[in-house]
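Be aware that the sequence shown starts at 1, since it is given in UniProt numbering, and climbs by one per residue.
Built from N, CA and C at the ideal position, the CB exists for glycine as well.
Notes to accompany the following structure.
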Amino acid sequence: MDDDFDAIIVGSGAGGGAAAYRLATSGCRVLVLEKGAPLPHDGSTLDAGIVLSEGRFKNHAPWRDGDGAPFVPQEYYNLGGKTKWYGAALLRFGSHEFADDPAHQCRGWPFSYDALAPYYEQAEELLGVRRFAVEPDTQRIAAALERVAHGWQVEPMPLGLAADILEHPEEAVRFDGFASPRGLKSDAEVRLLDPLRNRPGIRIETNAEVVDLITAEGAPERVTGVVTADGSRFTAKTVLLAAGALSSPRLLEHHLHATGLDTVLPAAQSVGRNYKSHLLTAVVGWSPRRKTDRLRKTVVMTSEAFAHSSVQPLGATDGEIVATELPAFMPRWVADLVGNRAYGFFLQTEDGSHPDNRVSAANGFASPQLDYDRDRIAPARDEHRHFVRAFCRDLLRVGMIPIVKPIPLSGTAHACGTLIAGNDPATSVVDAFGKVHGMDGLYVVDGSILPRSSRVNPALTIYAWALRVADSLAPQLASHSGENR
Numbered sequence: 001m002d003d004d005f006d007a008i009i010v011g012s013g014a015g016g017g018a019a020a021y022r023l024a025t026s027g028c029r030v031l032v033l034e035k036g037a038p039l040p041h042d043g044s045t046l047d048a049g050i051v052l053s054e055g056r057f058k059n060h061a062p063w064r065d066g067d068g069a070p071f072v073p074q075e076y077y078n079l080g081g082k083t084k085w086y087g088a089a090l091l092r093f094g095s096h097e098f099a100d101d102p103a104h105q106c107r108g109w110p111f112s113y114d115a116l117a118p119y120y121e122q123a124e125e126l127l128g129v130r131r132f133a134v135e136p137d138t139q140r141i142a143a144a145l146e147r148v149a150h151g152w153q154v155e156p157m158p159l160g161l162a163a164d165i166l167e168h169p170e171e172a173v174r175f176d177g178f179a180s181p182r183g184l185k186s187d188a189e190v191r192l193l194d195p196l197r198n199r200p201g202i203r204i205e206t207n208a209e210v211v212d213l214i215t216a217e218g219a220p221e222r223v224t225g226v227v228t229a230d231g232s233r234f235t236a237k238t239v240l241l242a243a244g245a246l247s248s249p250r251l252l253e254h255h256l257h258a259t260g261l262d263t264v265l266p267a268a269q270s271v272g273r274n275y276k277s278h279l280l281t282a283v284v285g286w287s288p289r290r291k292t293d294r295l296r297k298t299v300v301m302t303s304e305a306f307a308h309s310s311v312q313p314l315g316a317t318d319g320e321i322v323a324t325e326l327p328a329f330m331p332r333w334v335a336d337l338v339g340n341r342a343y344g345f346f347l348q349t350e351d352g353s354h355p356d357n358r359v360s361a362a363n364g365f366a367s368p369q370l371d372y373d374r375d376r377i378a379p380a381r382d383e384h385r386h387f388v389r390a391f392c393r394d395l396l397r398v399g400m401i402p403i404v405k406p407i408p409l410s411g412t413a414h415a416c417g418t419l420i421a422g423n424d425p426a427t428s429v430v431d432a433f434g435k436v437h438g439m440d441g442l443y444v445v446d447g448s449i450l451p452r453s454s455r456v457n458p459a460l461t462i463y464a465w466a467l468r469v470a471d472s473l474a475p476q477l478a479s480h481s482g483e484n485r
């Protein structure tokens, strides 16, 4: 047993990386445990055949949906978590998105935007967030859309990409949904964990899946460490869950059930519930013009007619990627013809909270279950349907032919909400500083805590939340570290 830590962090994605950075740079002794391995740097993470067709780096463990049918969530278990694969869109939630919105079934945060604003600033600085010049094709399409019926408002997209990424064309066209072998994307490994490697007091273990929590004798509500799949036991003053909105609630659910706390703690009733992941649709607009843009993902578009929705260009829709979606008998020239003139768009709508949209460890099945029904969140379902139709009509108006592909349940890139934050233990799992209600020594720093998913990507908010939680813990943990040296 190794007990030489102030904090154990379970997971190395956005929340885990940010918490590790803040605690380690504050003088705390930190252990990061990551279920997966580091990704290779041999270029395979940019290969569409390997990444998309083969799915070499994705999770392959089966789950069950609400009806018991099998499916495989698009999760990634590797150092840096899903941030290695995200599109690097790092936007702040709007200040109004911290308030409740009953008409859309949105729950409010336990604090206002102002409480997170300083941590947004810190996260943007740590991640090197910048805006790139809007390229000609995107500029032309956006300008045309601004003039049509729904009055699309276009703003520059804040991106976590290296300033010189355009000097590496193979990465400039393949950052969205691919992992950068050169470290040109601001992911949790490159920007937060790598800078810690030569610091004393930080230890990062990969291939170390956490399967259980350790508690004080006779006090199952006091968490003192974790157990990994190989039987190793690690103890610390504080444990921070950062395994993601599908894994963190199952770990906590298992502990609560095994110790009987599920019948004692009011917060236990909310564990795994209120799952959100945005309502998502990919739209490919085909144009007679051959495209020239490389980054493409340089703007975000909204419309006052759809208050909970946004559009962003997809970063890559070339022939090789299109080929992965076509039947095998289709000749490559067809894929190239389509890909060279295809502009991808990602449409997302904030989904409200419903307690029956939930993650559970098994629920009678051999596999974990994700029960999510859009009919439970009818306002979001209806807005997204009208939103997609309106955008496609407007693409036709500006001379593009839209092809629509709804993202299924397996699209869990924006999964959140399953350990929801709030002030009332009867309706939430963690408090305003990430501490699990009714438990000691256990905090959550991943997207599980999000009361709202917002109209934009959640990554920057997860980074900021984790920095805030770690900032609140650091003085006490660092002080104890000094006493023990």
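- Relative to the Cα of A229, the nearest Cα in the group R29, G177, V436, G36 belongs to G36.
- Around the C-beta of R147, fewer than 16 other C-beta atoms lie within 10 Å, and the residue is accordingly described as exposed.
- When only Cα atoms are considered, A390 and T461 end up about 29 angstroms apart.
- It is roughly 42 angstroms from the alpha-carbon of M400 to the alpha-carbon of A421.
- Out of G352, V311, F387, N207, the CA that lies nearest to the CA of G231 is found in N207.
- In the assembly as shown, H384 is a buried residue. Its beta-carbon has 16 or more other beta-carbons within 10 Å.
- For L159, the beta-bridge partners assigned by DSSP are A89, R130.
- Selection A268, Y77, Y76, A61 evaluated against P70 yields A61 as nearest (Cα-Cα).
- In the structure shown, S448 adopts helical secondary structure according to DSSP, grouped into three states.
- Exposed is the label assigned to R131, since fewer than 16 other Cβ atoms lie within 10 Å of its Cβ.
- Setting aside the 5 residues that flank it on each side, L193 is surrounded in the same chain by S12, G17, A20, Y21, V32, L79, G80, I204, each with a C-beta closer than 8 angstroms to its C-beta; the list follows chain order.
- Pairing F234 with A282 gives a Cβ-Cβ distance that is not under 8 angstroms.
- Note: W63 is bridge-paired with F71 in the DSSP secondary-structure output.
- The three-state secondary structure of R56, taken from DSSP, is coil.
- In the DSSP assignment, T302 falls within the unbroken beta strand (DSSP E) covering 299-303.
- Note on A117: under 16 other CB atoms within 10 angstroms of its CB, so exposed under the neighbour-count rule.
- According to the DSSP secondary-structure assignment, Q153 is paired through a beta bridge with T302.
- For H41, the closest alpha carbon among the candidates G434, S180, R376 is that of S180.
- Under the three-state reduction of DSSP output, G49 falls in the helix class.
- Exposure of V211 is indicated by the presence of fewer than 16 other C-beta atoms within 10 angstroms of its C-beta.
- Membership of G285 in the beta strand (DSSP E) is indicated by the continuous run 279-286.
- The Cβ atoms of P249 and L419 lie closer than 8 angstroms to each other.
- Taken through DSSP and simplified to helix, strand or coil, T263 comes out as helix.
- Using a Cβ distance threshold of 8 angstroms, A88 and L159 count as a contacting pair.
- Measuring C-alpha to C-alpha distances from I202 to each of C28, T349, A342, R140 identifies C28 as the nearest.
- In this structure K276 touches C416 by the C-beta definition: roughly 5 angstroms separates them, less than 8 angstroms.
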